[in-house]
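Remarks on the structure that follows.
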Amino acid sequence: MGEEIECYALPSEMSPAPVSVSFIRAAKNFEITIRVKSFNPDFDSLVIIDEISYRATLCSDALSVFDLGEHFLSTPMLSLLLNRNVDSAK
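Written out as structure tokens, the structure reads:
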């Protein structure tokens, strides 16, 4: 393990309300952990988590028409036809 994790504090002043969290670092496997940092023992405390939805963009999915991925390499049509690399003049 030893990997650095991403932690986000959720805004309790907006509760109950939908909360959205975006993760910066992609991971092959991930888990969502919910930790209560503190509560007042003089009052009843209740935590309800409902409808967790997950959305992701796969590496092969383009975000827009012009986004072909960072490893996309265009190939000139002549190179495809001749089945060998043909450098184009610039």
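By my numbering, the letter at position 40 of the sequence shown is numbered 22, and the numbering carries on one by one without gaps. Glycine included, each C-beta is placed from N, C-alpha and C at the ideal position. Just so it is clear, the structure is predicted and the values come from calculations on it, not from any experiment.
Residue i to residue j span [Cα, whole Å]
i	j	result
Ala(-1)	Asp24	24 Å
Asp32	Ser2	13 Å
Tyr36	Glu(-5)	23 Å
Leu62	Val68	9 Å
Glu(-14)	Leu28	30 Å
Arg7	Ile30	27 Å
Ser20	Ile14	19 Å
Phe12	Val18	20 Å
DSSP state of residue i mapped onto helix, strand, coil
i	result
Glu13	coil
Leu64	helix
Glu(-14)	coil
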